[in-house]
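Asks: For the sequence shown, the residue numbers in numbering that gives the first Met the number 0 are 0 to 520.
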Amino acid sequence: MFVNDKMVLQLVALLKKFGVSKIVVSPGSRHNKLINSLQADNFFKLYLVVDERSAAFFALGLIQECGDPVAVTCSSGTACMNYGSAIVEAFYQRLPLLVLSSDRVPELLNQCEDQMYDQASTFATCTKYHCQLPVIDTPRDEWYCNRLINEALIELTHHGRGPVHINIPFAAHHGTAYDVENLPDARKITLHRLPRDKKEGENISARLMDKKVMVIWGQAVCPLKDVEAAENKFAEKYDAVVLTDKMSNCHANNAIINTTITMSVMKRQQAPALQPDIVISIGANYIFNNEIKAYLRNGKAEHWQVGLEDKVCDPFHTLTDMFEMPEGYFFAMLTEHSGGKTQGSYFRGWREIAEIPTLPDMQYCELYAITKLMSQLPSNCDLQLANSQTIRMAHYIPIKNGIRVNCNRGVNGIDGSMSTAVGYGAESNRLLFYITGELSFFYDMNSLSIRHLSPKTRILLTNNHGGAVMYDQPRNTPIEGLPIYLAAGESKHAKGWAESLGFRYLSATNKEEVDAGVKVL
């Protein structure tokens, strides 16, 4: 029987799935749940070495002989510290030593509790990866625990080999029942790296055949045109749908270009037939982050992470595979090794829901001004968007395919968006349009004095005297009584600063003046 402790069950199940079968044990009481559970499964071979200093070096000998990862486990207190010499040796010998140190719960650190010091960070500088598992009280805790163990076990042999440290906190180490008959089917995240052979390509493509495949295309995919071309052929084979936004700059044949609106329609229509079986994510962030997470976490789709990024990214809590390779190579590989063609109407179903609605007539407001400019932007220009309300509004407005769009959406701060736009334009010969709210503009106003500012820069500044994202809806004047500490409402104008730098400054206080100003831009 295994211990009735979800943290231990996740760890034991994943050790087994990753093939870590040799465990060197030093006596103690804090890790008895783990040791008794390991003993309950014949997959594991345990070695007893009393002295932790010798135990870790003994494990290095096992690794040198078999070439596979080997684990060492000890109780709390100074026991863990005694692994130090062997861990450093493993780091510079590049040996995959897995250190499993038991501990007390972190909130007791430095509270005069017995057998406790900062074990979690002890070997931070001489391990490839270190983490502390959470005590599991909620489903989110269990997902996080599973993810951390996967990350740790992947790193034993990822980008070279070396030691990894998992610190395991136990609130209590006595009195728990041993009444679990079978290990859980803990999710294993599998790492795929180049080179790939034909057989593996065929096996992976077989997993996609006749499945509903969704590609989520984030920002910063490069080289964009090459990846688009490879994905177009992939989509033809697998009837895939691609969810994009303005920052994706993706114009693939099967792209849904207004995903934000589409997801809101999908929420109302409740179309279970369009839930994907497999989700493939490429690129970085996307504006429809919250909507797609809520949608996919309700389903059971496998998530495949594709690209040269080497960190586990599990936003939908269903990551099963990481393909560490160029995105274009991935799509071309699965197209080449496809055993047939998916017959279905999955993309067509999404396209029917994604028909772009006509924007309604609007009163004078921020959205009207942004819509007026973006709908008339010339082809082959560049568009930089400030973060927050500006980027959100922009996603409701169709634009021409030749326009390249960028926004500092990596961490979603307001600082530096105008400096980024100025830097972008410094090496470009195309017209550059920048749309911003006044909080971002005044925060970064000195960027307009940079000597490399392109003379082809055009700025639309929506000034509502406060952060519009703090309002319930777009307005042209502050809400009466709005707390000044919430929306930073202040009456500032850019006219003097802009004109002192050589800009032509136009202002608009109604729809007619917006129309006239946009024509000038």
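Note that beta-carbon positions come from the ideal geometry of N, C-alpha and C, so glycine has one too. Everything numeric in this text was worked out from a predicted model, so none of it was measured.
Could you name the residues that DSSP lists as bridge partners for residue 278?
Replies: Looking at the DSSP assignment, residue 278 forms a beta bridge with 213 and 302.
Asks: Please confirm whether residue 229 and residue 327 have their CB atoms less than 8 Å apart.
Replies: Cβ atoms of residue 229 and residue 327: closer than 8 Å.
Asks: Which first and last residues belong to the alpha helix (DSSP H) in which residue 416 is found?
Replies: Residue 416 -> alpha helix (DSSP H) spans 416 to 425.
Asks: Using DSSP with H/G/I as helix, E/B as strand and the rest coil, what is residue 365?
Replies: Residue state, collapsed to three classes: helix.
Asks: For residue 256, collect the residues of the same chain with a Cβ closer than 7 Å to its Cβ; drop the 5 residues on either side in sequence, then sort them by chain order.
Replies: Around residue 256: 243.
Asks: Please give me, in chain order, every unbroken run of the beta strand (DSSP E) with length at least 3 that falls completely inside the segment 9 to 92.
Replies: Entirely contained in the segment 9 to 92, the beta strand (DSSP E) runs reaching 3 residues are, in chain order, 21 to 24, 44 to 47 and 69 to 73.
Asks: Here's a check: name, in chain order, each residue in its chain whose Cβ is nearer than 7 Å to the Cβ of residue 312, leaving out the five neighbours to either side.
Replies: Cβ within range, chain order: 304.
Asks: Taking DSSP as the reference, what is the three-state secondary structure of residue 225?
Replies: Helix, per DSSP.
Asks: Determine the direct distance from the alpha carbon of residue 445 to that of residue 333, and round the result to whole angstroms.
Replies: Approximately 49 Å between the Cα atoms of the pair.
Asks: Thinking C-beta only, is residue 346 closer than 8 Å to residue 239?
Replies: The answer is yes: Cβ separation under 8 Å.
Asks: For residue 457, which residues does DSSP report across the bridge?
Replies: 432.
Asks: Would you grab the beta carbon distance between residue 338 and residue 205 for me? Rounded to a whole angstrom, and I think it's under 8 Å.
Replies: 6 Å between Cβ atoms; contact.
Asks: Exposed or buried, what is residue 91 when buried is set at 16 or more other beta-carbons lying within 10 Å of its beta-carbon?
Replies: Its Cβ having fewer than 16 others within 10 Å, residue 91 is exposed.
Asks: Tell me whether residue 446 sits in a helix, a strand or coil according to DSSP, three-state version.
Replies: Helix at residue 446.
Asks: Does residue 337 come out as helix, strand or coil in the three-state DSSP assignment?
Replies: If DSSP states are grouped into helix, strand and coil, residue 337 belongs with coil.
Asks: Considering only the alpha carbon of each residue, which of 184, 443, 103 and 382 lies closest to residue 16?
Replies: Of the listed residues, the one whose Cα sits closest to residue 16 is 184.
Asks: Check the C-beta distance from residue 495 over to residue 461 and give it rounded, since I have them as a contact under 8 Å.
Replies: Rounded, the Cβ-Cβ distance is 18 Å, inconsistent with contact.
Asks: Give me the DSSP bridge partner(s) of residue 102.
Replies: Answer is 168.
Asks: Relative to the alpha-carbon of residue 50, which residue among 190, 63, 499 and 74 has its alpha-carbon at the smallest distance?
Replies: The shortest C-alpha separation from residue 50 is found at 74.
Asks: What would DSSP say about residue 323, mapped onto helix, strand or coil?
Replies: Strand, per DSSP.
Asks: Could you give the DSSP three-state label for residue 472: helix, strand or coil?
Replies: Its pLDDT being 49, under 50, residue 472 is placed unreliably by the model, and the measurement read from it follows with that caveat. Residue state, collapsed to three classes: coil.
Asks: Please classify residue 407 as buried or exposed, where buried requires at least 16 other C-beta atoms within 10 Å of its C-beta.
Replies: It counts as buried.
Asks: Determine contact between the segment 109 to 117 and the segment 141 to 154, defined as no fewer than three beta-carbon pairs at a distance below 8 Å.
Replies: Contact between the segment 109 to 117 and the segment 141 to 154 is absent, because fewer than three Cβ pairs lie under 8 Å.
Asks: Which value, in whole angstroms, describes the spacing of the CA atoms of residue 24 and residue 43?
Replies: Computed Cα separation, rounded: 12 Å.
Asks: Examine the ligand NAD and report whether any of its heavy atoms sits within less than 7 Å of the Cβ of residue 350.
Replies: Of ligands this structure carries none, so the ligand NAD is not represented either.
Asks: Near residue 232, what residues of its chain come up, given a Cβ to Cβ distance below 8 Å and the 5 sequence neighbours on each side ignored?
Replies: Around residue 232: 330, 331 and 334.
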